[in-house]
Amino acid sequence: MAVPTVTVQRDTDGPPRVAVAPPNDRLAAAVADAGATVVDPGDAEALVWALPHSADDLADLVADNPHIRWVQLPFAGVDAFLDVLDHDRSWTSAKGAYDDPVAEMAFTLLLATRRQVARYATETSWTGDHGEMLFGARVVVLGGGAITRVFLDLLAPFDCDTTVVRRSAEPIDGVTVVASDDLDDALEGADAVVAALALTPETSGLLDHRRLSLLAPGAVVVNVARGAHVVTDDLVALLESGHLAGAGLDVTDPEPLPDGHPLWHLPNVVITPHVGNTRAMGRRLLAARLHENVTRFATGQPLLGAVDVDAGY
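Shown next, in the form of structure tokens:
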């Protein structure tokens, strides 16, 4: 699926005037390299927001500068900014920029949990055998965006029976696609579920005790989206009961996961600290996205990563 776009009409000629707030030398360099002039917000027609959060500060800035026509957000997910999004200007996120590393992390966690790598990694002596192979497994992927597309390419050699659950049943080559209303049927008897979808009020708590119980005994759960998609206490209960064989979590709820939390002590859980896209990767990939979008803005081309304000992602 192509990254969603939006076209923003400029009302002036010449190089775009773009603010970077708070000031960030790396992002400002990417903006300047694309031919724009880096200016203060009061003189800007576009804004690059350089913090992953601080929604109140962003709200104040755009309220004080209603002339800003386009705002670029730094993450693919925009759940931190839902109260700031409006129809008075165009909004873009980094959706599509981080697909490769996040999909790679999802695949890594899926393979590691199926083969029980975490359990073996913490052993200090020769033990019995654990785990199942990924080949031929029934895998359900939540979300039909660009991360899922890359993940499906990585999964393809394993000949899995894969179902993608998304808002609409728009087809994807090589896999079964169902709409969100059919989620329960898709989860029934599945060997793995991978969450790679946007966090919205409708998807918060999506994987609760009832839905996780629909998975086959010995199934695994992978989450590279947002921690709130999974009800943590329900996940812990099903891991402790043995119904679930493992979980691979790059995101948690709460996040950061507190020291001493039960998830830290389960031998069948792999936890990574929201590093599907690390800071080093993110800087490079966001700078490339900024360069691309500023170039497009200057030439009247559609901008990548359009945010659907009504849908919240």
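Residues in the sequence shown are numbered from 242 upward in steps of one, following the numbering used here. The beta-carbon is built from N, C-alpha and C at its ideal position, and this holds for glycine as well. Here the structure is a predicted model, which means the values were calculated and not measured.
From this set, the options, which residue's C-alpha is nearest residue i's C-alpha?
{"i": "Gly385", "options": "Gln357, Ala439, Ala347 and Leu507", "result": "Ala439"}
{"i": "Leu526", "options": "Lys336, Arg330 and Asp329", "result": "Lys336"}
{"i": "Val463", "options": "Asp449, Asp475, Gly489 and Leu448", "result": "Gly489"}
{"i": "Asn534", "options": "Asp281, Thr441 and Trp311", "result": "Trp311"}
{"i": "Thr349", "options": "Val516, Arg530 and Arg537", "result": "Val516"}
{"i": "Ala397", "options": "Gly377, Asp320, Ala431 and Leu507", "result": "Gly377"}
{"i": "Thr363", "options": "His470, Gly541 and Val511", "result": "Val511"}
{"i": "Leu268", "options": "Leu531, Pro514 and Thr536", "result": "Leu531"}
{"i": "Ser445", "options": "Arg330, Ala433, Gly523 and His470", "result": "His470"}
{"i": "Val319", "options": "Asp274, Arg467, His308 and Ala387", "result": "Arg467"}
Here's the rule I'm using: 16 or more other beta-carbon atoms within 10 Å means buried, otherwise exposed. How should residue i be labelled?
{"i": "Arg520", "result": "exposed"}
{"i": "Trp290", "result": "buried"}
{"i": "Pro342", "result": "buried"}
{"i": "Gly546", "result": "buried"}
{"i": "Ser334", "result": "buried"}
{"i": "Ser366", "result": "exposed"}
{"i": "Ser482", "result": "exposed"}
{"i": "Pro257", "result": "buried"}
{"i": "Pro495", "result": "exposed"}
{"i": "Gln250", "result": "exposed"}
{"i": "Trp332", "result": "buried"}
{"i": "Asp491", "result": "buried"}
{"i": "Thr493", "result": "buried"}
{"i": "Glu286", "result": "buried"}
To which residues does DSSP link residue i through a beta bridge?
{"i": "Arg379", "result": "Asp402"}
{"i": "Asn464", "result": "Ala436 and Leu490"}
{"i": "Val279", "result": "Val259"}
{"i": "Arg451", "result": "None, per the DSSP bridge assignment."}
{"i": "Trp367", "result": "In the DSSP output, where bridge partners are listed per residue, Trp367 has none listed."}
{"i": "Gln250", "result": "Per DSSP, none; premise fails for Gln250."}
{"i": "Ala287", "result": "Val259 and Trp311"}
{"i": "Thr333", "result": "Gln313 and Ala547"}
Using C-beta distances below 6 angstroms, list every residue in its chain close to residue i, excluding the 5 sequence neighbours before and after it, in chain order.
{"i": "Gly487", "result": "Thr354, Val461 and Asn509"}
{"i": "Leu383", "result": "Val406, Ala436 and Leu438"}
{"i": "Gly553", "result": "Leu323 and Thr441"}
{"i": "Ala427", "result": "Val381, Thr404, Val406 and Val419"}
{"i": "Thr248", "result": "Pro543"}
Got a sec: does the ligand NAD put a non-hydrogen atom nearer than 6 angstroms to the Cβ of residue i?
{"i": "Leu480", "result": "With respect to the ligand NAD, the structure shown offers nothing to examine, as it has no ligands at all."}
Verify the CB distance criterion: does residue i have a CB-CB separation below 7 angstroms to chain C?
{"i": "Asp274", "result": "Judged by its chain identifiers, the structure shown contains no chain C, having just a single protein chain."}
Spatial neighbours of residue i within its chain, please: C-beta separation below 7 angstroms, excluding the five flanking residues on both sides.
{"i": "Ser593", "result": "Given that the chain is displayed from residue 242 to residue 554, the structure contains no residue 593 and the question cannot be resolved."}
{"i": "Gly283", "result": "Asn306"}
{"i": "Val272", "result": "Val259, Val261, Val279, Val289, Leu531 and Val535"}
{"i": "Gly372", "result": "Arg355, Arg356 and Gln357"}
Please return the same chain residues whose Cβ sits closer than 8 angstroms to the Cβ of residue i, not counting the five positions on each side in sequence.
{"i": "Met374", "result": "Arg355 and Arg356"}
Does the stretch 395-414 come close enough to the stretch 444-462 to have 3 or more Cβ pairs within less than 8 angstroms? no
Touching or not, the stretch 320-331 and the stretch 297-307, by the rule of three or more beta carbon pairs under 8 angstroms? yes
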